[in-house]
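Peer 1:
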Amino acid sequence: MNTTTTAAPTVDLRALAPRERHPLVFSTFKALLPGEAMELINDHNPQPLLGQFESGLFGAFNWNLLENGPEQWRVQIVKPLATKPVHGVDSCCGSCGG
1 MNTTTTAAPT VDLRALAPRE RHPLVFSTFK ALLPGEAMEL INDHNPQPLL
51 GQFESGLFGA FNWNLLENGP EQWRVQIVKP LATKPVHGVD SCCGSCGG
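Each step along the sequence shown adds one to the number in UniProt numbering, with nothing skipped, and position 17 is 17.
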């Protein structure tokens, strides 16, 4: 029996230009299969990124803080096996604020 384990991708944002950071995180997350995770390393608190995840992917990720500064922040972001659609749809228009 042959089993292959894929290592969780690590996205180190510290050397990237600010405008490149969030698009890379979202493209890496999008490529994850359900049940997979990625690790994020940043040189500042990624709270604004968490806000973007919450507004665009509410219920479709798990955010686990692994290291909380002050030199670096590490976060594990998991794509759950089953996601719960917001308001019964796969995406939310945002007009209700929910």
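All C-beta atoms, glycine included, are put in the ideal place defined by N, C-alpha and C.
Quick caveat, the model's predicted, so the values are computed rather than measured.
1) Could you tell me the boundaries of the beta strand (DSSP E) in which Arg74 lies?
2) Quick check on this structure: which residue in Lys30, Val25 and Ala15 has the alpha carbon closest to the alpha carbon of Pro48?
3) Sort out for me which residues DSSP pairs Glu67 with in a bridge.
4) Below 8 Å CB to CB, which residues in the same chain sit around Val11 once its five sequence neighbours on both sides are set aside?
5) Just curious, the alpha helix (DSSP H) that Glu54 is in, first and last residue?
6) Residues in its own chain within less than 8 Å of Gln72 by CB, not counting five upstream and five downstream?
7) Compute the Euclidean distance between the alpha carbons of Leu33 and Ala8, then round it to the nearest angstrom.
8) Alpha carbon to alpha carbon, how far is Leu81 from Pro18? Give it in angstroms, no decimals.
Peer 2: In terms of the structure at hand:
1) Numbered from its first residue, the sequence shown carries residue 74 at position 74. Taken as a continuous stretch (DSSP letters only), the beta strand (DSSP E) holding Arg74 covers Trp73 to Val78.
2) Counting from one through the sequence shown, the residue named residue 48 turns up at place 48. Nearest C-alpha to Pro48: Val25.
3) Along the sequence shown, read from residue 1 onward, the residue named residue 67 stands at position 67. Bridge partners of Glu67: Arg74.
4) To locate residue 11, count along the sequence shown from 1; it is residue 11. So the list reads Leu24, Val25, Thr28, Met38, Glu39, Leu40 and Ile41, once near-sequence residues are dropped.
5) By 1-based counting over the sequence shown, the position of residue 54 is 54. Segment Gln47 to Leu57, the alpha helix (DSSP H) holding Glu54.
6) Here the question's residue 72 lines up with position 72 in the sequence shown. If we look at Gln72 and ignore the five residues flanking it on each side, its Cβ neighbours are Arg14, Ile41, Asn42 and Asp43.
7) Start at 1 with the first residue of the sequence shown, and residue 33 comes out as number 33. Start at 1 with the first residue of the sequence shown, and residue 8 comes out as number 8. Each residue's Cα considered, the two are about 11 Å apart.
8) Position 18 of the sequence shown, counting from 1, holds the residue named residue 18. Position 81 of the sequence shown, counting from 1, holds the residue named residue 81. Whole-angstrom Cα-Cα distance: 31 Å.
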